[in-house]
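Numbering (this note's numbering), first residue to last: 219 to 337.
Right, dumping it as structure tokens:
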């Protein structure tokens, strides 16, 4: 699966678990860290874990192997590293504090609508 396709597949999976404020940051022309970051927020530790577990499980079914994951101890910021796509699942206050969107302000950012946004 190509990096862009993977990034947007992950947004679909995140929406299935009611993730909020999902964005895709296109880094492929400005950084070698990854081609895409996918950022999202969860309302609680339980939801963050559910989102992360769902993405991991469904990607495994697609034969897409995770390279690294971290943050399961605190569940304030869970990172899922698929090499070309890195997923960041935050509690809202943690996301605001670190402000990854601001750090990558020169990148193309795609805002994904959730059910609340669609109303």
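We put the beta carbon where it would ideally sit given N, CA and C, even for glycine.
Hey, residue 237 and residue 269 are a contact pair by Cβ (cut 8 Å); roughly how many whole angstroms apart?
-> Locating residue 237 in the chain shown gives position 19, counting from the first residue. Locating residue 269 in the chain shown gives position 51, counting from the first residue. Yes, they are in contact, since the Cβ atoms of residue 237 and residue 269 sit about 5 Å apart, within 8 Å.
In terms of alpha-carbon separation, which member of 308, 240, 276 lies closest to residue 289?
-> Position 71 of the chain shown holds residue 289. Minimum Cα distance to residue 289 is reached at 308.
Report the option in 235, 278, 328, 279 whose CA atom is closest to the CA atom of residue 260.
-> Here residue 260 corresponds to residue number 42 of the chain shown, with the count starting at 1. Measuring C-alpha to C-alpha distances from residue 260 to each of 235, 278, 328, 279 identifies 235 as the nearest.
CB-CB under 6 Å to residue 294, same chain, minus the five flanking residues each way: which ones, in chain order?
-> Reading the chain shown from its first residue, position 76 is the one you call residue 294. Contacts found: 309, 312.
State the DSSP-derived secondary structure class of residue 298, mapped to helix, strand or coil.
-> The residue given as residue 298 occupies position 80 in the chain shown. Here residue 298 sits in strand by DSSP.
Could you work out which residue in 300, 267, 251, 292 is closest to residue 281 when comparing CA atoms only?
-> Numbered from its first residue, the chain shown carries residue 281 at position 63. Per the Cα distances, 300.
Return yes when the Cβ of residue 256 is within less than 8 Å of the Cβ of residue 296, no when it is not.
-> As a working note, residue 296 is residue 78 in the chain shown. As a working note, residue 256 is residue 38 in the chain shown. Going by C-beta atoms, residue 296 is not nearer than 8 Å to residue 256.
Cβ-based burial, residue 242 [other Cβ within 10 Å; buried from 16] | By 1-based counting over the chain shown, the position of residue 242 is 24. Per the 10 Å Cβ criterion, buried.
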